[in-house]
């Protein structure tokens with residue numbers, strides 16, 4: 047995982063929650079983590095990582111804070127700790 051992807055991953059876990067992260071950026075991070083991705087239509091992205099599944103909906107203006115929180119919880123449920131596994 048390159049520095050740009052690690053920076054996006056760490057920004058998902060920053061406080062306060064960011065509201066300027068785009069679905070495409072999160073998609074590239076999931077791809078680098080080895081997730082299976084699929085577009086289900088209407089701007090939705092299905093993600094399967096370490097046996098866990100989630101569905102995300104992004105807009106043209108980036109993910110909402112609720113979606114960022116959902117992504118954060120999903121990554122944690124997959125057993126990934128950015129500070130431990132992918133330090134900057």
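In this note's numbering, the protein residues as written are 47 to 134. For every residue, glycine included, the Cβ atom is placed at its ideal position computed from N, Cα and C. Source: prediction; values computed, not measured.
Cβ neighbour criterion (16 or more within 10 Å) applied to residue i
| i | result |
| --- | --- |
| residue 80 | exposed |
| residue 128 | buried |
| residue 113 | buried |
| residue 134 | exposed |
| residue 84 | exposed |
| residue 89 | exposed |
| residue 104 | buried |
CA nearest to the CA of residue i, picked from the options
| i | options | result |
| --- | --- | --- |
| residue 60 | 92, 125, 118 | 118 |
| residue 92 | 105, 107, 76 | 76 |
| residue 121 | 49, 57, 65, 89 | 57 |
| residue 49 | 71, 63, 65, 64 | 71 |
| residue 82 | 105, 100, 115 | 100 |
| residue 87 | 66, 110, 102 | 102 |
| residue 98 | 66, 68, 53, 125 | 125 |
| residue 106 | 62, 55, 69, 78 | 69 |
| residue 116 | 65, 132, 47, 78 | 65 |
Entirely enclosed alpha helix (DSSP H) segments - the stretch 63-133, minimum 4 residues:
69-79, 111-123, 128-131
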